[in-house]
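Right, one structure below, let's go through it.
Here it is as structure tokens:
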């Protein structure tokens with residue numbers, strides 16, 4: 001009966017040492033290529049993180065406050081217009097829509113998607 005540790009008449013331990021050396025050399029070569037590629041990638045790609053010092057939760061609160069303030073101001077202004085002119089509910093509806101638009105604009109300005117209100121093109 002054939003010995004399971006022999007392969008074509010050779011002892012596996014003899015070929016195992018050469019296979020280990022070959023595998024070790026290939027792993028070292030792969031490690032060197034990976035470290036070289038990661039260093040090249042780090043140099044070529046710009047940093048994706050924003051340079052802002054505020055935390056993410058602070059930014060979220062600021063953006064939500066910008067939006068809610070616009071809608072609330074529109075609602076209050078619409079209620080005052082309805083009270084003074086007696087045009088209920090049209091002043092409230094129109095001013096709420098305008099407040100929503102103003103809140104969205106302020107939100108986009110605070111997020112940096114749209115230019116600020118006093119943007120100077122000469123700079």
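In UniProt numbering, the protein residues as written are 1 to 123.
Positions of the beta carbon are idealized from the N, C-alpha and C atoms, including for glycine.
Small disclaimer: the values here were computed from a predicted structure and weren't measured.
DSSP state of residue 115, grouped into three classes?
-> As a position in the chain shown, residue 115 is number 115, starting the count at 1. Reduced to three states, the DSSP call for residue 115 is coil.
State the DSSP-derived secondary structure class of residue 86, mapped to helix, strand or coil.
-> By one-based count along the chain shown, residue 86 stands at place 86. Coil.
Short check: CB of residue 103 to CB of residue 43, under 8 Å?
-> As a working mapping, residue 103 is identified with position 103 in the chain shown. As a working mapping, residue 43 is identified with position 43 in the chain shown. In this structure, residue 43 does not lie closer than 8 Å to residue 103 by Cβ.
Selected residue, minimal CA-CA separation from residue 78, among 61, 86, 96, 63 = By one-based count along the chain shown, residue 78 stands at place 78. Ranking 61, 86, 96, 63 by Cα distance to residue 78 puts 96 first.
What number of angstroms, rounded off, separates the C-alpha of residue 21 from the C-alpha of residue 33?
-> Stepping through the chain shown from its first residue, residue 21 is reached at position 21. Stepping through the chain shown from its first residue, residue 33 is reached at position 33. Their backbone Cα atoms lie some 18 Å apart in a straight line.
Ignore the nearest five residues each way along the sequence and tell me which others in residue 37's own chain have a CB closer than 6 Å to its CB.
-> Position 37 of the chain shown holds residue 37. Around residue 37: no qualifying Cβ.
Mind checking residue 58: buried by the 16 CB within 10 Å criterion, or exposed?
-> In the chain shown, counting from the first residue as 1, residue 58 sits at position 58. So residue 58 ends up on the exposed side.
Pull up the distance between the alpha-carbon of residue 106 and that of residue 88, whole angstroms please.
-> For the purposes of this step, residue 106 is taken as residue 106 along the chain shown, with counting starting at 1. For the purposes of this step, residue 88 is taken as residue 88 along the chain shown, with counting starting at 1. Approximately 27 Å, taken between the alpha carbons.
Are the CB atoms of residue 91 and residue 98 nearer to each other than 8 Å?
-> Taking the first residue of the chain shown as 1, we reach residue 91 at position 91. Taking the first residue of the chain shown as 1, we reach residue 98 at position 98. Cβ atoms of residue 91 and residue 98: not closer than 8 Å.
Would you mind sorting residue 70 into buried or exposed? The rule is 16 or more other CB atoms within 10 Å of its CB.
-> Within the chain shown, numbered from 1, the residue matching residue 70 stands at position 70. Buried, since its Cβ has 16 or more Cβ neighbours within 10 Å.
Taking residue 112 as the reference, give the member of 72, 17, 63 with the closest Cα.
-> As a working mapping, residue 112 is identified with position 112 in the chain shown. The candidate whose alpha carbon is nearest that of residue 112 is 63.
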